[in-house]
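Q: What follows is a single structure, and I will ask about it in a moment.
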Amino acid sequence: MRLPVRLISCAAISLLFSFAAMANPPNPGALQVLDQQAAELDRVHTVVVAHQGRIVHELHQEGPGVTAPANIKSLSKTVLAALTGAAIEAGVIESTEQSMVALLGQLLSNIDSNVDSNIDPQINDITVAHLLAQQAGLERTSGGNYSAWVASSNWVHDALTRPFVDKPGGRMLYSTGTSHLLSAALTQASGETTLSLAQRLLGEPLNIAIPPWPRDPQGIYFGGNDMQLSPRALIEVGELYRNDGLVDGQRVLPEGWVAASWMPRGQSPWTGDGYGYGWFITTLANMPVYYGRGYGGQALYVIPEREMTIVITSDPNPPSPGGQFQQQLHQLVVGLLEQAQQ
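Numbering follows UniProt numbering, in which position 101 of the sequence shown is assigned residue number 101; successive positions increment by one, without gaps.
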């Protein structure tokens, strides 16, 4: 039924225009500006933009193409978080409140029997949620500690026997060792490798390839670094979250997982952005944006208000341009969002 014009409030008209803007893909002019701005960043390899689940733009400047696996560095933490959610939905683990100690099981016993003194009992308080949100409380293995950690003979042992610098559930302590403990926990709980679990629980429903990536000396797949995914595969991971954990009506992530993942639980000491379960939370172009990032300029953005997912891959080789380059990637997204509104 057509309503009389006088019954449609200004607020309703504004809402209608908002929905109309959401339904429209980025215009060609906005995408042209995006390409021009990306061309000024010579480290950028690819940019892929999807709207409502359909890829509407791809740019390939250098390095592997949009269909080729690329080293996504610490963006692997976002994928590992998705795998954890899928493992909960599949019944491999119970919930985010399950303790790390319970999941590590015999692996932890083997480690404890090989050290001179018992592991700090605070590890009993670490949960899956703490691992996902980088709130284990253990001294970081990233930054200045990274080289010694990956050179150790047992990465899980090294991460677990580091001193507590905060209580479990305290401040965000960005540490790849924490993510690796999550990979070890998934391996022990499932009886599968993290690779096999990822291929079965994410690769198959998303129809993406997840090739092998490096493992630690004990054969546990690196948790939180060096995964190899193509930009198009990363788009599917982002779309899984944008669609609340559903793929063609099939639930891959538990109901409520996306909302829980995008709830700030800690704060990045470098950017001030919130951090949930493997995702940073920020505001760009005056709208909520959720993103994962990796060394050297690997990034996955989900912008629900615009029904958009954006992937950027860059040269992963040292030296990294650091936080300033991440801000430049943010500006690519801001420019696209603002140009698309014009």
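Glycine included, C-beta positions come from ideal geometry on N, C-alpha and C.
Could you tell me how far apart the beta carbons of T178 and A136 are, in whole angstroms, since I believe they sit closer than 8 Å?
A: As a position in the sequence shown, residue 178 is number 178, starting the count at 1. As a position in the sequence shown, residue 136 is number 136, starting the count at 1. Right, their Cβ atoms sit about 5 Å apart.
Q: Would you kindly work out how many angstroms separate the C-alpha atoms of T161 and A129, rounded to a whole number?
A: Taking the first residue of the sequence shown as 1, we reach residue 161 at position 161. Taking the first residue of the sequence shown as 1, we reach residue 129 at position 129. Taking the straight line joining both Cα atoms gives about 20 Å.
Q: Rounded to the nearest angstrom, what separates T96 and L131 at their Cα positions?
A: By one-based count along the sequence shown, residue 96 stands at place 96. By one-based count along the sequence shown, residue 131 stands at place 131. Whole-angstrom Cα-Cα distance: 9 Å.
Q: What residue does the beta strand (DSSP E) around P25 start on, and which one ends it?
A: In the sequence shown, counting from the first residue as 1, residue 25 sits at position 25. Neither: P25 is in no beta strand (DSSP E) and is coded neither H nor E.
Q: Quick one: grab the DSSP three-state call for Q328.
A: Translated into the one-based positions of the sequence shown, residue 328 becomes position 328. Helix at Q328.
Q: My output table needs one value for T178: the three-state DSSP class, helix, strand or coil.
A: In the sequence shown, the residue the question calls residue 178 occupies position 178. In this structure, T178 counts as helix in the three-state DSSP scheme.
Q: Go through the segment 236 to 283 residue by residue and report every complete run of the beta strand (DSSP E) that reaches 3 residues or more, in order.
A: Counting only runs of 3 or more, we get nothing.
Q: Could you tell me the alpha carbon to alpha carbon distance between K73 and G29, rounded to whole angstroms?
A: Taking the first residue of the sequence shown as 1, we reach residue 73 at position 73. Taking the first residue of the sequence shown as 1, we reach residue 29 at position 29. Roughly 32 Å separates the two Cα atoms.
Q: How many angstroms separate the CA atom of N207 from the CA atom of V48?
A: Numbered from its first residue, the sequence shown carries residue 207 at position 207. Numbered from its first residue, the sequence shown carries residue 48 at position 48. So the alpha carbons of these two residues sit roughly 18 Å apart.
Q: How far does the beta strand (DSSP E) with M227 in it extend, from its first residue to its last?
A: Sequence index remark: in the sequence shown, residue 227 carries index 227 (1-based). Where M227 is concerned, there is no enclosing beta strand (DSSP E), given that its DSSP letter is neither H nor E.
Q: Write down every uninterrupted run of the alpha helix (DSSP H) in the segment 50 to 104 whose length is 4 residues or greater and which is fully enclosed by it, in chain order.
A: Fully enclosed alpha helix (DSSP H) runs of 4 or longer: 76 to 89, 100 to 104.
Q: Can you give the Cα-Cα distance for A102 and K77, rounded to whole angstroms?
A: For the purposes of this step, residue 102 is identified with residue 102 of the sequence shown, where counting begins at 1. For the purposes of this step, residue 77 is identified with residue 77 of the sequence shown, where counting begins at 1. Rounded to whole angstroms, A102 to K77 spans 22 Å at the Cα level.
Q: Helix, strand or coil: how does DSSP classify V165 here?
A: Counted from its first residue, the sequence shown places residue 165 at position 165. The answer is coil: DSSP assigns V165 none of H, G, I, E or B.
Q: Is the segment 23 to 43 close to the segment 272 to 286, with three or more CB pairs under 8 Å?
A: No: fewer than three Cβ pairs fall under 8 Å.
Q: So, under 8 Å CB-CB, T309 and R242 are touching, yes? Tell me the CB distance rounded to an integer number of Å.
A: In the sequence shown, the residue the question calls residue 309 occupies position 309. In the sequence shown, the residue the question calls residue 242 occupies position 242. T309 to R242, Cβ: 6 Å. Contact.
Q: Just to confirm before moving on: does the CB-CB distance between I93 and A198 stay below 9 Å?
A: One-based indexing of the sequence shown puts residue 93 at position 93. One-based indexing of the sequence shown puts residue 198 at position 198. No, these two residues do not count as a Cβ contact at 9 Å.
Q: How many Å lie between L83 and L240 at the Cα?
A: Numbered from 1 along the sequence shown, position 83 holds the residue referred to as residue 83. Numbered from 1 along the sequence shown, position 240 holds the residue referred to as residue 240. Each residue's alpha carbon lies about 11 Å from the other.
Q: Using the beta-carbon count (16 or more within 10 Å), is M100 buried or exposed?
A: Residue numbering aside, residue 100 sits at position 100 when the sequence shown is read from its first letter. By the neighbour-count rule (16 or more Cβ atoms within 10 Å), M100 is buried.
Q: Considering only the beta carbon of each residue, do H51 and A70 sit closer than 9 Å?
A: For the purposes of this step, residue 51 is identified with residue 51 of the sequence shown, where counting begins at 1. For the purposes of this step, residue 70 is identified with residue 70 of the sequence shown, where counting begins at 1. Contact flag unset, no.
Q: With V334 and A285 assumed to form a contact (beta carbons below 8 Å), what rounded beta-carbon distance in angstroms separates them?
A: In the sequence shown, counting from the first residue as 1, residue 334 sits at position 334. In the sequence shown, counting from the first residue as 1, residue 285 sits at position 285. Their Cβ separation, rounded to whole angstroms, is 5 Å, which keeps V334 and A285 in contact under 8 Å.
Q: List the residues that DSSP assigns as beta-bridge partners of L300.
A: To locate residue 300, count along the sequence shown from 1; it is residue 300. Paired residue(s): G292, V311.
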